[in-house]
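Participant: The structure that follows is given in the form of structure tokens.
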Amino acid sequence: MEAVAKLNNNPTSTRKMRLLADLIRGLDVEKALNILKFHPKHPSVPLEKLLLSAIANWKVKNEGARVEDANLQVKTIFVDGGRILKRMRPAPQGRGYRVRKRSNHVTIVVDSRPVVEAK
66 MEAVAKLNNN
76 PTSTRKMRLL
86 ADLIRGLDVE
96 KALNILKFHP
106 KHPSVPLEKL
116 LLSAIANWKV
126 KNEGARVEDA
136 NLQVKTIFVD
146 GGRILKRMRP
156 APQGRGYRVR
166 KRSNHVTIVV
176 DSRPVVEAK
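Letter by letter, the sequence shown follows residues 66 to 184 of this note's numbering.
Spelled out as structure tokens, the structure:
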């Protein structure tokens, strides 16, 4: 049974977050957590917390089951654009430059991988 976790209005551009989302898509949960824990990009911290939240949601849905035995994987992860805060920055000769502070929405779906038995 799959579990979902969402992060809304994270103050990072979608492009930066998608680089990390592409790294962990389809991986086992333990491997994805290790990648995010030691990755130098700054969006890895909220993405790691979101993955831990998805694992906790899976534990609540599947009481009595162990995460280690379930063989969890990151089934789906996608990043959508969030709200954009529009600001003005002073520029020469009385002008103003537009500054768009972007944000994003991240959704992670965690599910147990079916066990393939050898013939």
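Idealized CB from N, CA, C, for every residue including glycine. Predicted model, so just to flag it, every value in this text is computed and none were measured.
Are the Cβ atoms of Lys126 and Ala68 separated by less than 7 Å?
Facilitator: A contact, by the Cβ cut-off of 7 Å.
Participant: Could you tell me the boundaries of the beta strand (DSSP E) in which Thr77 lies?
Facilitator: Where Thr77 is concerned, there is no enclosing beta strand (DSSP E), given that its DSSP letter is neither H nor E.
Participant: Output the boundary residues of the beta strand (DSSP E) element that contains Asp176.
Facilitator: It spans 161-177 - the beta strand (DSSP E) in which Asp176 sits, taken as one unbroken run.
Participant: Excluding five sequence neighbours on each side, which residues of the same chain lie with their C-beta closer than 7 Å to the C-beta of Arg154?
Facilitator: Correct list, in chain order: Gly161, Tyr162, Val164.
Participant: When you compare the CB positions of Met66 and Asn169, do they come within less than 7 Å of one another, or not?
Facilitator: The answer is no: Cβ separation not under 7 Å.
Participant: Any Cβ of chain B within less than 7 Å of the Cβ of Leu84?
Facilitator: No chain B appears in the structure shown, which is made up of a single protein chain.
Participant: Just to confirm before moving on: does the CB-CB distance between Leu137 and Ser177 stay below 7 Å?
Facilitator: Going by C-beta atoms, Leu137 is nearer than 7 Å to Ser177.
Participant: For Ile142, count neighbouring C-beta atoms within 10 Å of its own C-beta (all shown protein chains included) and say buried if the count is 16 or more, exposed if not.
Facilitator: Buried, since its Cβ has 16 or more Cβ neighbours within 10 Å.
Participant: Report all residues from its chain with a CB closer than 6 Å to the CB of Ala121; omit the five preceding and five following residues, and keep chain order.
Facilitator: Cβ neighbours of Ala121 beyond the five flanking positions: none.
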